[in-house]
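Working notes for the structure below.
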Amino acid sequence: MKTILGIETSCDETAVAIVKNRQIYSSIVASQIDLHKRYGGVVPEEASRQHLLTINPCIEEAFKTAKLTWNDIDGIAATVAPGLIGALMVGETAAKTLAMIYQKPFLGIHHLEGHIYATYLSQSNWNPPFLCLLVSGGHTSLIHVKDCGIYEQLGSTRDDAAGEAFDKVARLLNLGYPGGPIIDKLAKTGNPKRFKLPEGKVSLPQGGYHPYDSSFSGLKTAVLRLVEKLKQENPNQLPIADLAASFQETVARSLTKKTITCALDHNLTHIAIGGGVAANSGLRNHLQEAAKEHNLTVHFPPLNLCTDNAAMIACAAAEHLEKGHVSSWNLGVQSRLPITEVMELYNNE
Ligand code: KG4
Ligand code: ZN
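Once you know that position 174 of the sequence shown is 174 in this note's numbering, the rest is easy, because the numbers rise by one and skip nothing.
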């Protein structure tokens with residue numbers, strides 16, 4: 001297997017990693033959370049500027065930790081879509097420049113494909129076909145992984161992504177940013193059954209509900225209304241932990257139902273979870289229990305591989321390079337690109 005230097009700068013983490021044989025030789029993540037915290041969300045211009053400042057030290061650190069040199073590297077990869085344009089350009093330019101200087105192939109990687117490959121890093125014998133539930137700050141997708149680069153999107157969200165819903169609910173409860181980990185921690189001390197909240201079903205024009213699509217904006221509004229009502233009843237004592245637990249329980253139950261139904265309908269016995277929300281303890285508990293009940297295998301990568309990192313990008317690139325997939329120097333960055341169009345990134349001179 002090829003040794004890849006991977007770079008990830010699609011949002012608010014500057015990350016560089018070296019991966020070979022689905023093994024991490026180094027994985028450096030410089031988080032910008034402290035920078036964006038004061039704004040309550042990611043500020044794109046600040047993110048790009050910070051990536052510029054951190055990228056070179058991160059590359060140096062990746063080599064130092066891995067105890068490898070440029071001679072050991074077979075290819076250089078960077079996330080090119082989807083993400084913040086300015087942020088993506090920093091990683092893409094760094095990767096292309098280094099690939100030109102050291103005469104290595106360059107590979108542009110789809111960020112969500114990276115999240116799929118996080119599973120391969122922690123389960124080295126993991127292979128397609130399987131179902132992947134991708135739940136991050138920007139995406140909520142159910143993807144049938146057929147082969148490297150070959151994906152079918154079976155479910156998505158109609159409005160907010162799962163992570164976005166966690167972040168927005170945390171904001172309306174004045175808990176800070178990013179909301180997911182804070183709500184997760186608070187939920188552990190709360191009663192998940194105290195408040196009944198709507199699961200956010202997506203109606204179909206012919207009647208009934210979409211079996212795999214999600215909608216979280218109604219849930220967010222329901223929490224807002226509930227908070228307003230509770231504040232009127234008792235302005236000094238908002239039951240934050242019970243609210244967090246009830247919200248998390250609703251999201252976890254809804255995602256679990258859709259994922260299990262989708263796997264069973266498509267005869268997929270293996271399920272991988274990816275993206276920041278895969279770190280959520282409520283989702284982990286619900287999915288593990290349901291998978292056991294239906295005799296399905298579910299795999300959650302360790303927490304540091306669920307959130308944004310460059311090891312997952314390098315791992316995806318290694319599989320592509322092994323298959324002879326290489327990107328053109330003309331490949332640019334894109335703020336949006338459906339995962340079904342990943343193969344557009346390769347051999348397109
Ligand atoms: O995958 P990721 O690191 O970045 C994106 O590509 O979006 O995901 C970040 C999202 C944020 O919305 C964050 O609140 C959420 O993942 N998140 C969590 C947890 N840890 C991170 N959501 C729920 N529970 C968690 N423990
Ligand atoms: Zn991500």
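Every residue gets a Cβ at the ideal spot worked out from N, C-alpha and C, and that includes glycine.
| query | For CYS262, does the three-state DSSP call read helix, strand or coil? | reply | helix
| task | Taking THR9 as the reference, give the member of ILE28, LYS2, VAL19, ILE24 with the closest Cα. | result | ILE28
| message | Just to check my reading of the structure: GLY137 and GLY282 have Cβ atoms closer than 8 Å, yes? What is that Cβ distance to the nearest angstrom? | response | Contact doesn't hold; Cβ gap of about 17 Å is too wide.
| request: Please indicate yes or no: does the CB of ASP308 lie closer than 7 Å to some heavy atom of ligand 2? | output: yes
| message | Given this structure, state the Cα-to-Cα distance separating ILE73 from HIS110, to the nearest angstrom. | response | 21 Å
| message | So, with DSSP's three-state summary, where would you put GLU368? | response | Any property of residue 368 remains undetermined from this structure, which presents the chain solely from 1 to 349.
| field | Under the three-state DSSP convention, the category LEU52 falls into | value | helix
| said: What does the alpha-carbon distance come out to for the pair LEU35 and GLY83? | reply: 18 Å
| query | Does at least one heavy atom of ligand 2 sit under 7 Å from the Cβ of GLY91? | reply | no
| query | Closest to ALA245 by CA distance: which of PRO128, CYS315, ASN191 is it? | reply | ASN191
| said: With a threshold of 7 Å (Cβ to nearest heavy atom), would HIS115 be considered close to ligand 2? | reply: yes
| request: Could you tell me if the beta carbon of PRO392 falls within a distance shorter than 7 Å of some heavy atom in ligand 1? | output: No answer is possible for residue 392: it lies beyond the span of the chain, which begins at 1 and ends at 349.
| Which residues mark the beginning and the end of the alpha helix (DSSP H) in which THR221 is found? | 217–233
| message | Once DSSP output is grouped into helix, strand and coil, what is the label at GLN288? | response | helix
| field | Distance between beta carbons of LEU121 and ALA310, contact taken as under 8 Å | value | That pair is no contact at about 11 Å.
| Complete beta strand (DSSP E) runs within the segment 14–44 (minimum length 3 residues, chain order) | 23–31
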